[in-house]
Amino acid sequence: MTFDLRAFLVMVALIWMTLVQPAQAQNALGSNGLNVPATLVAESQQVQAGQSVTLAFVMEPKPTWHGYWENPGDAGIGMSFNWDLPAGVSIGKPRFPTPDTLLISGIMNYIYKGDYAVLVNLIISEKVPLGSLPISVKSEWLACTDEICVPEQDELSINLTVVSKDAAVSLDNAFNAYREALPRPLGSKATFSVRDDIFRISIPLPENVDITDPHFFVKEDGILDYAAAQKFNRDGDKIIIETGARGDSFESINGVLKIGPQRGFAFKAIQGDVTMSGTAIAAGGGDGGNFIGGDGQSNTSLLIIALGGAILGGLLLNLMPCVFPILSLKAMSLAKAGGDQAIVRRDALAYTAGVVLVATALGAVLLGLRASGAAVGWAFQLQDPRIIFVLLALVTAIGFNLAGMFELPNVNFGNKLAQKDGAVGSFWTGALAAFVATPCTGPFMAAALGATIVLPPVAALLIFAGLGVGLALPFLLIAFVPAIRRRLPKPGPWLDSFRKAMAVPMFLTSIGLIWLLGRQIGTDALGLSLMFLLLISLLLWWFGGGQMNGRSRGALATMAVIASLAGGIALLPNEESMDSQKRATASTAILPGEPFSEERLSELRASGRPVFAYFTADWCITCKANEAAAIQRTETADIFESANVAVLVGDWTRPDPVISKFLEKHGRAGVPLYLYYAPGAEPIILPQILTVATLTDLVNEPIATASFTPSKI
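Next comes the structure, spelled out in structure tokens:
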């Protein structure tokens, strides 16, 4: 498989896994032989009593396949061994070579891409008699490509000979290369600390040791955020690393510091104080041009593909009811500019600047919150009812503006703006379009925004800027392609009617926000909030009446609207009343589900039940559409009930760090996310757009879904 195809599959994995992958999984399971075959060999066929001999599991992955390190990272399964040994024979711990990294859609894997060998020492007691010494072992491992995974196992055996102490023993020189690939032990212990979800470790390493493309691997699970960026500093004879933490319950850990291809050092670290000092070491070959967490070319390509997905996702946002009126009316303003291409292009670029600036600013705030330890994702602001109330007031005001009740110079979509201050007006119109589009998550956006979790901040901001470019793209095409602009209807009296008609989708958006606000704060508090919204509307009507009579009421109206907004926000209810509202509405679902938790998911999987877990939010239009069209349907509920499918619901309407981290673990910056766990199989990530058949086929065809991208949960 070529590199570009793999990166493309990362972007379209949701659709591809459902439509294409089942057939490939069947082919893999039905193939002859193993995809990562293992051979058990000994360094010497003769061994002396009282001595030891090294055995090697020589693993030879087929092209495009790989195996896993003892700690596989975010996904995968480590290799296991079940030995059958004669009396007087014992086995040491397996020793793995220095691994590589594989980062796909925010999931960090510790793998081996080519041939590798796992070494173990076989210890022979002095009491073992001379002669034949049969050794056998049943080993299990996971074989994966970048798309599918197949659990594999084999029963391996070797027959050694115990010889006398003065007998000659010949050694296999291939073991020299096997040992070279093992990380070399460091003589001194390292020190690590965990504080505020930040992991730091100080590793003693002579200053004259060269480092290329470094990475830190930890053997213990549950302490590192594997996909988080790793920062490296050199301070004299020590290397200091900083990355994300998941837990702090370890007093000591074991790790491997990779300093180059198949070069690494193994060490043990104990808790202590560690500060980030010294000079930064560039990741990715030392040139600073690549992204940490795999080879630089892979992540650079991921950035390019994710940027393309963000642009395409932003383009589709223009079809949303809250954005489409703004786009339509600005298109009409371009048509009115006629042949003056300078004005048309100026306004288009100003509009684009407003869109891109707001989209990037929202992304910067999101990244800043993540850096401070908050578990947030795209549209995080809609988890706060105060922001929803402000957005509701804003959208309602836009609707009244379109309906002709009042005019505002900086939010005016009519003739005055185009004639007086088109560039400034276009900029603020673009900013407004970007802000009101934030509740929406459409196709292609999930994988693109998910990439912002693992990319460095500058690269992540490019993704958010790309989303803004996509949102502004129709406006740019109209402005810079005269053939498109000439096809727009000519301005005329009908334009005023069209403008008023565009108020309808804005009011529909207001209704949706009212429903969302009611879901969050309850009907009683919603009634009080709507009273303040009515007060704001009356103030705008009073302001518009003054405009018609030539009176200036702008300053007084502005202060009154701000006071009304502040009053409405101050009277919003607390979290306890919002929780009771959510519990009251959950019991009416056609397909009822339990609240999601990783503990409950583990319990259900251990009991052998199939599990459907979906992550949603009341402000997610795509989520609600899928629930109405596929999830909350009698056909789906009946099939799931007959198959005893457990349903877990991750409600992300309000901030939930547990759900946020789970989403990040699956490479998502927001909802929706749909997962299906067949008994004894790895989870299937379903597409963002669901149908009833998508869900019912999961139950009707369980064999075809047995091997998918693995996860530890």
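Residue 579 in the working numbering sits at position 594 of the sequence shown; the count goes up by one each step and never skips. Just so you know, even glycine gets a beta-carbon here, dropped at the ideal spot from N, CA and C.
Simplified DSSP assignment, three categories, for Ala34: Counted from its first residue, the sequence shown places residue 34 at position 49. Looking at Ala34 - three-state DSSP - the assignment turns out to be coil, as it is neither helix nor strand.
From Leu118 to Val32, what does the alpha carbon distance come to, in whole angstroms? One-based indexing of the sequence shown puts residue 118 at position 133. One-based indexing of the sequence shown puts residue 32 at position 47. Taking the straight line joining both Cα atoms gives about 9 angstroms.
Tell me the DSSP secondary structure of Met544 in three-state form. Taking the first residue of the sequence shown as position 1, residue 544 is located at position 559. Helix at Met544.
Buried versus exposed, by CB contacts within 10 Å (16 or more), Met491: For this step, residue 491 is matched to residue 506 along the sequence shown. Around the C-beta of Met491, 16 or more other C-beta atoms lie within 10 Å, and the residue is accordingly described as buried.
Backbone secondary structure at Lys646 - three-state DSSP: Taking the first residue of the sequence shown as position 1, residue 646 is located at position 661. In this structure, Lys646 counts as helix in the three-state DSSP scheme.
Residue of Gly453, Thr260 and Asn386 minimising C-alpha distance to Ala344: The residue given as residue 344 occupies position 359 in the sequence shown. The shortest Cα separation from Ala344 among Gly453, Thr260 and Asn386 belongs to Gly453.
Determine whether the beta carbon atoms of Arg618 and Leu576 lie at a separation below 9 angstroms. In the sequence shown, counting from the first residue as 1, residue 618 sits at position 633. In the sequence shown, counting from the first residue as 1, residue 576 sits at position 591. Against a cut-off of 9 angstroms, the Cβ pair of Leu576 and Arg618 comes out as a contact.
So the candidates are Ile383, Ala545 and Arg594; which of them puts its Cα closest to the Cα of Glu626? Reading the sequence shown from its first residue, position 641 is the one you call residue 626. For Glu626, the nearest C-alpha among the options comes from Arg594.
Judging by CA-CA distance, which residue of Phe202, Gly245 and Thr264 is the nearest neighbour of Ala254? Against the sequence shown, residue 254 aligns to sequence position 269. Check the Cα spacing between Ala254 and each of Phe202, Gly245 and Thr264: the tightest is with Phe202.
At 3 residues or longer, and completely inside the segment 44 to 120: list those beta strand (DSSP E) runs for me, N to C. 52 to 58, 65 to 69, 74 to 76, 85 to 89, 92 to 97 and 101 to 109
When DSSP labels each residue in this structure, what does Ser495 get in the three-state scheme? Here residue 495 refers to the residue found at position 510 when the sequence shown is read from its first residue. Helix, per DSSP.
Around the C-beta of Asp280, are 16 or more other C-beta atoms found within 10 angstroms, so that it is buried, or is it exposed? In the sequence shown, the residue the question calls residue 280 occupies position 295. Bear in mind that the predicted position of Asp280 carries a pLDDT of just 41, short of 50, making it unreliable; the figure below should be weighed with that in mind. By the neighbour-count definition (other C-beta atoms within 10 Å, threshold 16), Asp280 is a buried residue.
Rank Gly52, Ala388, Ala598 and Val179 by C-alpha distance to the C-alpha of Gly61 and give the top, closest one. As a position in the sequence shown, residue 61 is number 76, starting the count at 1. The candidate whose alpha carbon is nearest that of Gly61 is Gly52.
Could you say which of Gly293, Ala388 and Glu55 lies nearest to Asn708 if we only look at CA atoms? Nothing can be reported for residue 708, as the shown portion of the chain is limited to -14 through 698.
For my contact list, Leu446 and Ala349 are in at a C-beta cut-off of 8 angstroms; report their separation, rounded to the angstrom. Taking the first residue of the sequence shown as position 1, residue 446 is located at position 461. Taking the first residue of the sequence shown as position 1, residue 349 is located at position 364. Between Ala349 and Leu446 the Cβ distance is about 6 angstroms, and since that is below 8 angstroms, they are a contact.
Starting from Ala187, follow its DSSP beta bridges and name the residues at the other end. The residue given as residue 187 occupies position 202 in the sequence shown. Per the sequence presented here, residue 187 reads as Ser, with Ala not at that position. In the DSSP assignment, the residues bridged to Ser187 are Thr176 and Ile225.
Excluding the 5 residues flanking Val154 on each side, which residues of the same chain have their C-beta closer than 6 angstroms to its C-beta? As a working mapping, residue 154 is identified with position 169 in the sequence shown. Result list for Val154: Ser29 and Gln31, in chain order.
Identify the residues that DSSP records as bridge partners of Glu588: which are they? Taking the first residue of the sequence shown as 1, we reach residue 588 at position 603. Glu588 is not bridged to any residue.
Could you tell me how far apart the beta carbons of Ala166 and Gln247 are, in whole angstroms, since I believe they sit closer than 8 angstroms? Taking the first residue of the sequence shown as position 1, residue 166 is located at position 181. Taking the first residue of the sequence shown as position 1, residue 247 is located at position 262. Right, their Cβ atoms sit about 5 angstroms apart.
Assuming Gly249 is part of the alpha helix (DSSP H), what are its boundary residues? The residue you call residue 249 lines up with position 264 of the sequence shown. From DSSP, Gly249 is part of no alpha helix (DSSP H) but of the beta strand (DSSP E) over Arg248 to Gln256.
Would the segment 16 to 26 and the segment 79 to 96 be scored as touching if the rule is three or more Cβ pairs under 8 angstroms? no
Residue closest to Pro199, alpha-carbon to alpha-carbon, out of Phe250, Tyr163, Gly207 and Ala159: Against the sequence shown, residue 199 aligns to sequence position 214. Checking every option, the nearest Cα to that of Pro199 belongs to Phe250.
Report yes or no: do three or more beta-carbon pairs, one from the segment 190 to 197 and one from the segment 221 to 228, lie closer than 8 angstroms? yes
Can you list, in chain order, the residues of its chain whose CB lies under 7 angstroms from that of Thr24, leaving out five sequence neighbours each side? Here residue 24 refers to the residue found at position 39 of the sequence shown. In the same chain as Thr24, and ignoring 5 residues on each side of it, the C-beta atoms closer than 7 angstroms to its own belong to Val43, in chain order.
How would you call Trp50, buried or exposed, if buried means at least 16 neighbouring beta carbons within 10 angstroms? Position 65 of the sequence shown, counted from the start, is the residue given in the question as residue 50. Classification of Trp50: buried, given that the 10 Å Cβ count is 16 or more.
Which same chain residues end up closer than 7 angstroms to Phe160 when comparing Cβ atoms and leaving out the 5 residues on each side of it in sequence? Taking the sequence shown and counting its residues from 1, the one referred to as residue 160 is at position 175. So the qualifying residues of the chain are Glu28, Thr39 and Ala41.
Under 6 angstroms Cβ to Cβ from Val684, same chain only, skipping five residues before and after it: list those, please. Here residue 684 refers to the residue found at position 699 when the sequence shown is read from its first residue. For Val684, where only same-chain residues beyond five positions count, the Cβ hits under 6 angstroms are Ile624 and Ala628.
Can you list, in chain order, the residues of its chain whose CB lies under 6 angstroms from that of Lys697, leaving out five sequence neighbours each side? Here residue 697 is taken as the residue at index 712 of the sequence shown, counted from 1. Note that Lys697 scores a pLDDT of 41, beneath 50, so its modelled location is shaky; the value from the coordinates is reported in the next line. So no residue of the chain qualifies.
Once DSSP output is grouped into helix, strand and coil, what is the label at Leu342? One-based indexing of the sequence shown puts residue 342 at position 357. Taken through DSSP and simplified to helix, strand or coil, Leu342 comes out as helix.
How is the beta strand (DSSP E) around Pro136 delimited, first residue to last? Translated into positions along the sequence shown, residue 136 becomes position 151. Residues Cys134 to Val148.
What are the residues that DSSP puts in a beta bridge with Lys123? Within the sequence shown, the letter at position 138 stands for residue 123. Lys123 is bridged to Asn67 and Glu140.
CA-CA distance, Leu680 and His651? Here residue 680 refers to the residue found at position 695 of the sequence shown. Here residue 651 refers to the residue found at position 666 of the sequence shown. Spanning the two alpha carbons is a distance of roughly 20 angstroms.
Helix or strand or just coil, what does DSSP make of Glu583? Numbered from its first residue, the sequence shown carries residue 583 at position 598. It is helical.
Can you give the Cα-Cα distance for Ser37 and Gly99, rounded to whole angstroms? Along the sequence shown, one-based indexing puts residue 37 at 52. Along the sequence shown, one-based indexing puts residue 99 at 114. Between Ser37 and Gly99, the C-alpha separation is close to 28 angstroms.
Below 8 angstroms, can you find three or more Cβ-Cβ pairs linking the segment 330 to 340 to the segment 374 to 387? no
By alpha-carbon positions, which one of Pro48, Asp157, Met516 and Val103 ends up nearest to Pro168? Counted from its first residue, the sequence shown places residue 168 at position 183. The candidate whose alpha carbon is nearest that of Pro168 is Val103.
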